[in-house]
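What follows is a short report on a single structure.
Residue numbers (our numbering): 419 to 726.
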């Protein structure tokens, strides 16, 4: 998800020549289309922080910065949205005992002053940041608010309109600016899965295993195609696989497995009870036949055979 726009700001109420408005920027606002929030970076430093770099100002005066969290542009297809949701479901359930990661889907990442000035909004389809506080909710990933942390893993779901950008501009950005350890792409039209691992400052293409899966060193999991039903769509999806090749399940699939195991246990118990019933009936039938033979010989079932 990428959008670039360069609106011409107005001063707003009380903006004056400096354009700070009411409370350093509240005068900027809804005049830039469809209520989209805007980034505002002042052209001059505030009193008391004049000698600081603009990055220092961003870090220490977050009240000056308003970051958009969406651009109003829909994802390419329902499959794209469903696959992002699928990734998020899978990673959160697989790592449900962990609280040292953050996974985002179709969310903006803010990382540089040039990006802020140019309104160049970068939002990977799916990304994971390791060794951070996962209990904190976020509407966007703001690098200068996260101690300079960038995603360790990024996955882009390509389309006709994004393919070239995903394989060139974004790939260069993720390697040389983000230094993202693993970068993966998938083309739902051709069903091609691609991945790269960062070595030095450049990406090296990953080679698939016998199943066609690619290994993510960042996630310590395989990623591969899987065909099945998900979000009411029966098609090919991307799934995680464990180091030993087991499919990483989401919560409802685990519950289905548990329910199936319980059904099989109940069925086994039913079959055991049925076998016991049949055994008891067979024993009773044998006893009845023995009694009939004894009676035919004139021997009572209670006769011990001793004459008095």
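Note that beta-carbon positions come from the ideal geometry of N, C-alpha and C, so glycine has one too.
Taking the Cα positions, residue 498 is about 7 Å away from residue 575.
Boundaries of the alpha helix (DSSP H) harbouring residue 708: 669 to 714, taken from the DSSP string.
Cβ neighbours of residue 581 within its own chain (closer than 8 Å, five residues either side excluded): 605. Secondary structure note for residue 582: its alpha helix (DSSP H) is the uninterrupted segment 581 to 585. The C-beta distance from residue 529 to residue 552 rounds to 20 Å, too long to meet the 8 Å contact threshold. Collapsing the DSSP output to three states places residue 574 in a strand. By the criterion of a C-beta distance shorter than 7 Å, residue 648 is surrounded in its chain by 500, 504 and 655, once the five residues flanking it on both sides are discounted. Counted as a single uninterrupted DSSP element, the alpha helix (DSSP H) harbouring residue 510 occupies residues 496 to 512.
Burial state of residue 679 is exposed, judged by a 10 Å Cβ sphere holding fewer than 16 other Cβ atoms. Beyond the five residues adjoining it in sequence on each side, residue 693 comes within less than 8 Å, by CB distance, of no other residue in the same chain. The C-beta separation of residue 616 from residue 645 comes to about 30 Å, leaving the pair out of contact by the 8 Å criterion. Every unbroken stretch of the beta strand (DSSP E) spanning 3 or more residues and falling wholly within the region 608 to 670 is given here in chain order: 610 to 617, 620 to 623, 632 to 634, 639 to 648 and 651 to 659.
Closest in alpha carbon position to residue 627, among 607, 594 and 663, is 663. Inter-residue distance for residue 610 and residue 621 is about 18 Å (C-alpha atoms, whole angstroms). Distance from the CA atom of residue 599 to the CA atom of residue 687, rounded to whole angstroms, is 51 Å. Judged by DSSP in its simplified three-state form, residue 545 adopts strand.
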